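These protein sequences, in sequence, are chains W and E.
For the first sequence, the working numbering begins at 646 and goes up steadily by one.
For the second sequence, the working numbering begins at 3 and goes up steadily by one.
We treat Cβ as the ideally placed atom computed from N, Cα and C, and that holds for glycine.
Because the structure is a prediction, the values reported are computed rather than measured.
A quick write-up on the structure given underneath.
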Amino acid sequence: MPAGPNQLLGHRVADAIEAALRGAVTGRHVEWVEVRSDRVRDVLHFLHDSEAFDAAQLSNLTSVDRHTHFEVVYHLQSLDLNHQIVVKAIVEDHENPLLPSAYPVYKGALLQEREVYDLMGIRFEGHPDLRRLFLWEGYPAYPLRKDFLSLGQITGKDVNPGLVRFPFEDTEDPDRMLNAGNIVTGEREAAAGNAGQAQAGH
Amino acid sequence: MPARRRQGTNVNSTVEPYVLNIGPQHPSTHGVFRVRVVMDGEVIRDLDMIVGYLHRSMEKLAEERTYTQNIPFTDRADYLAAMSGNLGLALGIERLAGVEVPERASYLRVIFAELQRIASHAMANGTLVSDAGAWQTPLLYMFREREKILDLFEMTCGARLTTNYMRAGGVSFEPPPEFWPALKELVAELPGRIDEYMELLADNEIFLGRTRGIGVITPEDAINGSLVGPALRGSGVPWDLRKAEPYCVYDRFDFDVPVGIRGDVYDRFMCRMMETRESVRILQQAIAQIPAGPHKNDIPLALRPPVGEVYSRVEGPRGEVGFYLVSDGGPAPYRFHLRAPSLINLSLLRELARGASLPDAVVTLGSIDIVVGEIDR
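Below, the structure is given as structure tokens:
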């Protein structure tokens, strides 16, 4: 069974959430419970404060790009009762994903939400310090999204959004091929012009 | 000018707060980890951590590699505890694909995971003592045991750090015949070595002065801040996945979970020391109990787990190492997420550093025990 040994049934959690917060649950599954993204903080508050669930610790927070929507996955656990709860917030808006931050409930969300924002581009409302974590401010893409192609996936004339391919990437020289695809510059035309000049100077 | 200087600095002068940059290349940051601190004289007013110097986008790369091809990545995440990372991912793949593991392989996994824990704790405590001022000597003492453990790794799987030892369905190699006497000798030797360190450090007045009451984390903060491993147990929360959610054959061994009382740097140090003792106990029992049999079940090369997802976790030296794997039925994971204890244990760093002096913050960071490869992935 893919579910963890101490994982609570999603149906049971969903029933309790639905009884306390009407309309918050959008889907039930054996392993997890799906909730509306705009009510996820209420759900986390409820699970955190509830005696039956006692979700004292946010064990893991991550996200999945499903092409049409995002899932933000919360793995909660109770240290006293020794069980795990999986909550998924479904973010329908793929263009401009936004949902409430879990930081007011769990301080452990501080860096995990920054990581999700950095790599998946999901913004968290109410996060005290939402900046890029690994990449730098101004990096034009969110690499863990499915429309971002990694090096092995780039073929032919593919270009990642906001990133530039330089003319020399078509070369057979392996050292230069290593740089394919992910060189960040400002304007595409300006960069192409600079690259052209650099090559001419060379 | 020289005459005035000899009279000492003027204590009444006010100094504007200034920004001090530490790292990314600095011995106290334990890797390419950078912090910028706002200092008001000797006191830290604010702290900002800057990570990502070692970011290799492992999670993206994982999406175009098969499950087995991803196991070497876990070596390079937490490079001081490669075995624990290997084990977490192997268990995740097994649960996702429904693969059985021979009993002997489970025992070998426990033996190597515990050896790795001892090696990693030796490194963590050695560098912590270095941070506290005992420059290099205790660290090199502790490296003595770590070297022997890495030798055991090398004779089994050929690598010392990036072991790539665990597989879905077992382990990659049966240890050679010379492994067992060397392991038994090490296990017999370790309790005496730990006593030696305790004698040198546990009651050392300078070490106590540098670590007692420094970087105190309350149990409530530790739980709410998602802290795991010795950082959580140092605050008195007896949470260990080997007990709470026994994987492999951990439920067959008799061992204790050491916890601290005060939640300060010293308690986290002592937790690691005591855990080393418990690891030795587990090793003794595992060596006595290990059955004969195959070390690996054969699995298809192109493993295609059914559609689904799994969150598998093991207790690594730094705490809960979690793997969130989503399968769409293909040979490569649709989504691969590594829950990095080193990163998440830093959630409280800013709060801990505010109001502390710079040397105390360095010791606090050392006691949390980060590995930058795992932070950045």
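- The Cβ atoms of V218/E and G265/E sit closer than 8 Å to each other.
- Measuring C-alpha to C-alpha distances from R195/E to each of L110/E, L360/E and M276/E identifies M276/E as the nearest.
- R681/W and G668/W have their C-alpha atoms roughly 8 Å apart.
- Under DSSP, the beta-bridge partners assigned to F715/W are D710/W and V736/W.
- In summary, P650/W is exposed, with fewer than 16 beta-carbon neighbours lying within 10 Å of its beta-carbon over all protein chains present.
- When CB distances to chain W are screened at a threshold of 7 Å, the residues of the stretch 324-336 of chain E falling below it are G324, Y326 and V328, in chain order.
- If you check each beta-carbon in the stretch 674-707 of chain W against every beta-carbon of chain E, the ones closer than 7 Å belong to A701, Q702, L703, S704, N705 and T707.
- CA-CA distance, A124/E to V131/E, rounds to 11 Å.
- Membership of H339/E in the beta strand (DSSP E) is indicated by the continuous run R337 to R341.
- Chain E has no Cβ within less than 8 Å of the Cβ of L726/W.
- For Y313/E, the closest Cβ of chain W is nearer than 8 Å.
- The alpha-carbon separation between L706/W and Y326/E amounts to approximately 10 Å.
- Per DSSP, the unbroken alpha helix (DSSP H) holding N88/E starts and ends at A84 to A99.
- For Y326/E, the enclosing beta strand (DSSP E) begins and ends at G321 to S329.
- Counting the other Cβ atoms within 10 Å of the Cβ of H712/W gives fewer than 16, which makes it exposed.
- Ranked by Cα distance from G135/E, the first of Q27/E, N206/E and R58/E is N206/E.
- Against V709/W, the close residues of chain E are V328 and R337, in the order they occur along the chain (beta-carbon pairs closer than 7 Å).
- For V718/W, the residues of chain E that pass the 8 Å Cβ criterion are Y326, in the order they occur in the chain.
- Between D378/E and G128/E, the gap from beta carbon to beta carbon reaches 8 Å or more.
- Within the stretch 753-784 of chain W, contact with chain E at the beta-carbon level (separation under 9 Å) is assigned to G753, A754, L755, L756, Q757, E760, D763, L764, D774, R777, L778, F779, L780 and W781.
- Its Cα nearest to that of V718/W, the residue R337/E stands out among L348/E, R337/E, V365/E and I372/E.
- For the pair L780/W and D763/W, the Cα-to-Cα distance works out to about 7 Å.
- Closer than 8 Å to the CB of E96/E there is not a single CB belonging to chain W.
- Taken through DSSP and simplified to helix, strand or coil, F769/W comes out as strand.
- Taking 8 Å as the upper bound for CB-CB distance, S723/W and E322/E are not in contact here, some 14 Å apart.
- With the criterion set as a beta carbon lying under 8 Å from some beta carbon of chain W, the members of the stretch 59-70 of chain E are S59, E61, K62, L63, E65 and E66, in sequence order.
- Contact residues of the stretch 126-145 of chain E toward chain W are absent (C-beta to C-beta distance below 9 Å).
- Interface residue (Cβ-Cβ distance to chain W less than 8 Å): S369/E is not classified as such.
- For A190/E, the closest C-alpha among the options M272/E, P178/E and K150/E is that of K150/E.
- Contact annotation, L756/W with S349/E: C-beta distance approximately 5 Å; criterion of less than 8 Å satisfied.
- Taking the Cβ atoms as the reference, N226/E lies roughly 33 Å from G783/W, outside the contact range of under 8 Å.
- Around the beta carbon of H297/E, a 10 Å sphere encloses 16 or more other beta carbons of the protein chains shown; the residue is thus reported as buried.
- Here the stretch 298-317 of chain E makes contact with the stretch 92-108 of chain E; the two share three or more CB pairs at distances below 8 Å.
- Interface criterion not met: the Cβ of L721/W is under 8 Å from no Cβ in chain E.
- Remark: C-beta atoms of I113/E and E147/E do not approach each other more closely than 8 Å.
- The beta carbons of M168/E and R111/E sit closer together than 8 Å.
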